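Heads up, the thing below is written out as structure tokens.
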Amino acid sequence: MSVYDRLEEMGVVLPEMTPPAASFAPWVRTGDLLYLSGHIARRDGGPWVGQLGATLSTSQGREAARRAAIDLLGTVHAATGDLGVVKQVVKVMVLVNSAPGFIEQHLVANGASEILEGAFGSAHARSAFGASQIPFGSCVEIEAILQVA
Amino acid sequence: MSVYDRLEEMGVVLPEMTPPAASFAPWVRTGDLLYLSGHIARRDGGPWVGQLGATLSTSQGREAARRAAIDLLGTVHAATGDLGVVKQVVKVMVLVNSAPGFIEQHLVANGASEILEGAFGSAHARSAFGASQIPFGSCVEIEAILQVA
Amino acid sequence: MSVYDRLEEMGVVLPEMTPPAASFAPWVRTGDLLYLSGHIARRDGGPWVGQLGATLSTSQGREAARRAAIDLLGTVHAATGDLGVVKQVVKVMVLVNSAPGFIEQHLVANGASEILEGAFGSAHARSAFGASQIPFGSCVEIEAILQVA
Numbered sequence: 160m161s162v163y164d165r166l167e168e169m170g171v172v173l174p175e176m177t178p179p180a181a182s183f184a185p186w187v188r189t190g191d192l193l194y195l196s197g198h199i200a201r202r203d204g205g206p207w208v209g210q211l212g213a214t215l216s217t218s219q220g221r222e223a224a225r226r227a228a229i230d231l232l233g234t235v236h237a238a239t240g241d242l243g244v245v246k247q248v249v250k251v252m253v254l255v256n257s258a259p260g261f262i263e264q265h266l267v268a269n270g271a272s273e274i275l276e277g278a279f280g281s282a283h284a285r286s287a288f289g290a291s292q293i294p295f296g297s298c299v300e301i302e303a304i305l306q307v308a
Numbered sequence: 160m161s162v163y164d165r166l167e168e169m170g171v172v173l174p175e176m177t178p179p180a181a182s183f184a185p186w187v188r189t190g191d192l193l194y195l196s197g198h199i200a201r202r203d204g205g206p207w208v209g210q211l212g213a214t215l216s217t218s219q220g221r222e223a224a225r226r227a228a229i230d231l232l233g234t235v236h237a238a239t240g241d242l243g244v245v246k247q248v249v250k251v252m253v254l255v256n257s258a259p260g261f262i263e264q265h266l267v268a269n270g271a272s273e274i275l276e277g278a279f280g281s282a283h284a285r286s287a288f289g290a291s292q293i294p295f296g297s298c299v300e301i302e303a304i305l306q307v308a
Numbered sequence: 160m161s162v163y164d165r166l167e168e169m170g171v172v173l174p175e176m177t178p179p180a181a182s183f184a185p186w187v188r189t190g191d192l193l194y195l196s197g198h199i200a201r202r203d204g205g206p207w208v209g210q211l212g213a214t215l216s217t218s219q220g221r222e223a224a225r226r227a228a229i230d231l232l233g234t235v236h237a238a239t240g241d242l243g244v245v246k247q248v249v250k251v252m253v254l255v256n257s258a259p260g261f262i263e264q265h266l267v268a269n270g271a272s273e274i275l276e277g278a279f280g281s282a283h284a285r286s287a288f289g290a291s292q293i294p295f296g297s298c299v300e301i302e303a304i305l306q307v308a
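What follows is the structure, encoded as structure tokens:
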């Protein structure tokens, strides 16, 4: 099964790449590493605004992280032309817009990790933590480093 | 002196690797780089819960960062089988669970940096900053990139 | 035009490298990658203290990010001896000391990205987000990964 078959099986439709909202590139490649810029969670064509522990539940945050990871895969597809060249997801950083008492950033981040592991078949290194805010008030932001052929 | 001798001299006992609490790998290797996932500070077998500038002092935070770095070394030992293959610690990111007025993240982070520099004999690049929260309410989280033979 | 010519055209004077304020190295090189430690924004010879959304405006934050990026270039010059060996800026992380309601981290970060893109002629991958605090109470902190010859 190809990566695209696995994504289809998970019900994932790859989006067009969203152009960066500021002065940076959506990705940069150096050697066999592909660095993906921070991708914010989106809904209804705009930022998914909210804060975990305040206006969003853990399960909503998890869905937001899932969507940000899917957008990130759309960028990887645009960068490589073929997700089949991805050798592994090396490292993922998941920022969770967190009110002071919210401590389930790891559960929110799982929404992203499960898509990525499902697509490529191996687990990645990861950090997840609470950000005091995220651009546009988005609830989740995800960056990643991938190894490509 | 081996890395293990230096650790013993610093009174460090390497722990067994703690399995990740969510959907990710404790480390991923790509080329000669080893990416370590975020390791939260632990005490008494569980997360070391607290916030700098609220419930914990700078010296407590420093001790928490030291323990998280030791756990991280336990993971490096599990990943490599021999800490002697580590060429250098390239980069460390230290997240400090910080109340609004706490501005000594660099002093907290030194608790981790001193163990790592003591073990491997050279200084690493580093960022340290305040997170609004950390998974499980832990007070410190540390991730790292190492170069291995 | 050399990198130095482009910097001069932008009115940038490279500073001497600021020694780290704690137990870490200003940079580490591995292979052709140069990892730069977090550089905090400075003003009048000390940390530029303040928080976006509280005591500083977006345009002030943008200027702070610009200055931190210039300091970072001073470190790259010290690390390499010649900015001409820089192949590309791979990845930049911009931490913005953010009050709860501040959501323009991307605009603050542009102050850094524009200097870096102006100097080297290509865009970089980037993440920008809100930190609950930054060492010394500084308003901005920037780390980066560069590819060098």
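Protein sequences, first through last, are from chains E, S and A.
The working numbering puts the first residue of the first sequence at 160, with every later residue one more than the last.
The working numbering puts the first residue of the second sequence at 160, with every later residue one more than the last.
The working numbering puts the first residue of the third sequence at 160, with every later residue one more than the last.
All C-beta atoms, glycine included, are put in the ideal place defined by N, C-alpha and C.
Predicted model only: the values in this text are computed from it and were never measured.
For a quick check, are the C-beta atoms of residue i and residue j less than 8 Å apart?
i, j, result
"A:Val-251", "A:Leu-275", "yes"
"S:Gln-292", "E:Gln-264", "yes"
"E:Glu-302", "E:Gly-197", "yes"
"S:His-283", "A:Ala-268", "no"
"A:Ala-224", "A:Val-253", "yes"
"E:Trp-186", "E:Leu-173", "no"
"A:Arg-226", "A:Arg-202", "yes"
What separation, rounded to the nearest whole angstrom, lies between the Cα atoms of residue i and residue j?
i, j, result
"E:Gly-233", "E:Glu-175", "6 Å"
"A:Ala-228", "S:Ile-229", "33 Å"
"E:Asp-164", "E:Val-249", "22 Å"
"A:Glu-273", "A:Leu-192", "21 Å"
"S:Leu-166", "S:Thr-214", "30 Å"
"A:Val-245", "A:Thr-177", "20 Å"
"E:Val-235", "E:Gly-190", "15 Å"
"E:Arg-188", "A:Ser-286", "16 Å"
"E:Gln-306", "S:Ala-180", "24 Å"
"E:Leu-231", "E:Ser-182", "18 Å"
"S:Gly-270", "S:Phe-261", "17 Å"
"S:Cys-298", "S:Gly-204", "15 Å"
"S:Val-255", "A:Val-255", "15 Å"
For residue i, which residues in the same chain have their Cβ closer than 7 Å to its Cβ, ignoring the five residues on either side in sequence?
i, result
"S:Gly-296", "Pro-206 and Val-208"
"S:Ser-161", "Gly-243"
"A:Gly-277", "Arg-165 and Met-169"
"A:Gln-219", "none"
Provide the residue(s) that pair with residue i in DSSP beta bridges, ordered along the chain.
i, result
"S:Thr-189", "S:Leu-192"
"A:Lys-250", "A:Ala-284 and A:Ile-304"
"S:Ala-290", "S:Asn-256"
"S:Leu-211", "S:Leu-215 and S:Ser-257"
"S:Pro-206", "S:Arg-201"
"S:Ser-297", "S:Val-208"
"S:Val-245", "S:Val-307"
Taking the alpha-carbon of residue i as reference, which of the options has the nearest alpha-carbon?
i, options, result
"S:Ala-238", "S:Ile-304, S:Glu-167, S:Met-160 and S:Ser-161", "S:Ile-304"
"A:Leu-211", "A:Glu-300, A:Leu-195 and A:Gln-306", "A:Glu-300"
"S:Ala-308", "S:Gly-260, S:Ser-272, S:Val-253 and S:Gly-240", "S:Gly-240"
"S:Pro-259", "A:Gln-306, A:Leu-231 and A:Pro-294", "A:Pro-294"
"S:Gly-243", "S:Gly-280, S:Tyr-194, S:Thr-214 and S:Ala-180", "S:Gly-280"
"A:Thr-217", "A:Ala-278, A:Ser-257, A:Gln-306 and A:Leu-173", "A:Ser-257"
"A:Ala-290", "A:Ile-199, A:Pro-179 and A:Val-187", "A:Ile-199"
Excluding the five sequence neighbours on either side, which residues of its own chain have a C-beta within less than 6 Å of the C-beta of residue i, listed in chain order?
i, result
"A:Phe-288", "Gln-264"
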